[in-house]
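> Take the sequence shown: its position 38, counting from 1, is numbered 38 in the numbering used here, and each next residue is one higher. Where is the CB? At the ideal position from N, CA and C, for every residue including glycine. If you're wondering where the values come from, they're calculated on a predicted model, not measured in any experiment. The structure follows.
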Amino acid sequence: MREKKKGVYQKYLKNLLDRLLALVGTAALSWLLLGVGIAVRLDSPGPVLFRQKRVGRNGQYFYIYKFRTMRIDTPHDMPTHLLNHPDLFITRVGRFLRKTSLDELPQLFNILKGDMALVGPRPALWNQEDLISEREWYGANSVRPGLTGWAQIHGRDELPIREKAELDGYYVHHIALGMDLECLCKTAGAVLRQDGIHEGMMEKQMQKAKVNH
């Protein structure tokens with residue numbers, strides 16, 4: 001896909017606003033971050049935060065931060081969808097955090113670091129070759145991944161990988177303040193309804209493809 005010329009918002013304002021809002025959000029939600037951190041630590045032994053290798057802008061790897069939702073004896077370096085009975089590894093607090101999307105809050109620090117944006121394609125796992133390839137075709141790997149995205153508010157996890165990548169590509173080629181505000185407002189509504197924003201469906205699709213191969 002031909003790359004569209006960046007507008008004023010994308011070129012000069014988006015990254016600045018992302019970091020400013022992430023800073024304000026981190027300060028305003030510091031009590032919640034602390035409370036969730038304490039709950040994670042008391043619920044099960046292990047670190048409060050979980051790091052996972054993801055694909056960022058232009059294919060650069062970075063480590064995403066989340067509140068830990070699984071036990072420390074969960075096999076390392078193995079995606080959740082490859083585990084046998086993954087639900088057995090999810091902690092009690094972790095189940096609630098996933099349902100409410102509160103496990104994603106530490107990604108505010110990724111935004112402050114410049115790894116992510118508030119809105120953009122959700123960062124792919126390092127081994128999601130199909131999704132990364134489809135996004136490359138639609139030009140969706142050229143921007144910072146987001147805390148939430150255009151695909152997440154238009155079908156969420158029910159979308160096949162190709163449709164998800166197409167929506168990500170549409171966002172990248174039409175980035176505007178209005179689109180970002182729409183994404184953030186609809187994501188906030190989903191969180192309040194406890195819908196949860198996650199990549200579970202993609203993992204299930206990958207598992208199904210592996211079984212049928």
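What is the DSSP secondary structure of L52, counted as helix, strand or coil?
Sequence inspection shows Gln at residue 52; the Leu mentioned does not correspond to that position. Correct three-state label for Q52: strand.
> With I38 as the anchor, note down where its alpha helix (DSSP H) starts and where it stops.
Taken as a continuous stretch (DSSP letters only), the alpha helix (DSSP H) holding I38 covers 30-43.
> Using three-state DSSP, classify I90 as helix, strand or coil.
Strand.
> Please return the same chain residues whose Cβ sits closer than 7 Å to the Cβ of K53, not counting the five positions on each side in sequence.
Once the five neighbours on either side are set aside, the close Cβ partners of K53 are Y61, Y63, W126.
> For the structure I just gave you, are there three or more beta carbon pairs, one from the region 82-97 and one from the region 110-119, closer than 8 Å?
No, because fewer than three Cβ pairs between the region 82-97 and the region 110-119 fall closer than 8 Å, the two stretches do not touch.
> Would R71 and F89 be called neighbours here (beta carbons separated by less than 8 Å)?
It is a contact, given that the beta carbons lie within the stated cut-off.
> Please report the residue range of the beta strand (DSSP E) in which T148 lies.
T148 -> beta strand (DSSP E) spans 146-148.
> Please state whether the Cβ-Cβ distance between P123 and R135 is less than 8 Å.
Their beta carbons are not under 8 Å apart, which means P123 does not touch R135 by this criterion.
> Please identify the residue among L108, Y170, P86, L184 whose C-alpha is closest to the C-alpha of L32.
The shortest C-alpha separation from L32 is found at L108.
> Are the CB atoms of T100 and V40 nearer to each other than 8 Å?
It is not a contact, given that the beta carbons lie outside the stated cut-off.
> Along the chain, which unbroken stretches of the alpha helix (DSSP H) at least 4 residues long are found entirely within the region 116-167?
Segments of the alpha helix (DSSP H) lying fully in the region 116-167: 129-137.
> What number of angstroms, rounded off, separates the C-alpha of R193 from the C-alpha of L13?
Going from the Cα of R193 to the Cα of L13 covers about 31 Å.
> So the alpha helix (DSSP H) I111 belongs to, where does it begin and stop?
Counting along the chain, the alpha helix (DSSP H) containing I111 begins and ends at 107-113.
> Does I175 pass the burial test, meaning 16 or more other C-beta atoms within 10 Å, or should it be called exposed?
I175 is buried by the Cβ-count criterion.
> Within 7 Å: the Cβ of Y170 and any heavy atom of the ligand COA?
Among the components modelled here there is no ligand, and therefore nothing to report on the ligand COA.
> Within a Cβ cutoff of 6 Å, which residues of the same chain sit near V211, ignoring the five residues on either side of it in sequence?
In this prediction, V211 has a pLDDT of 38, which is less than 50 and means its spatial position is unreliable; what the coordinates show is noted afterwards. Excluding positions up to five away in sequence, the list is empty.
> On the premise that L102 lies in contact with L184, defined as a C-beta separation below 8 Å, what is that separation, rounded to the nearest angstrom?
With 8 Å as the limit, L184 and L102 do not qualify as a contact, their Cβ atoms being about 16 Å apart.
> Quick one, which of S142, P160, G189, V48 has its alpha-carbon nearest G169's?
Taking only the C-alpha atoms, the option nearest G169 is S142.
> Distance check for T187 and G155, CA to CA, integer angstroms please.
One C-alpha to the other measures close to 12 Å.
> Can you pull the DSSP bridge partners for Y63?
Paired residues: K53.
> Please report the distance separating the alpha-carbon of E166 from that of K11.
Cα-Cα distance, rounded: 22 Å.
> For V48 versus G37, is the C-beta distance shorter than 8 Å?
Contact: yes.
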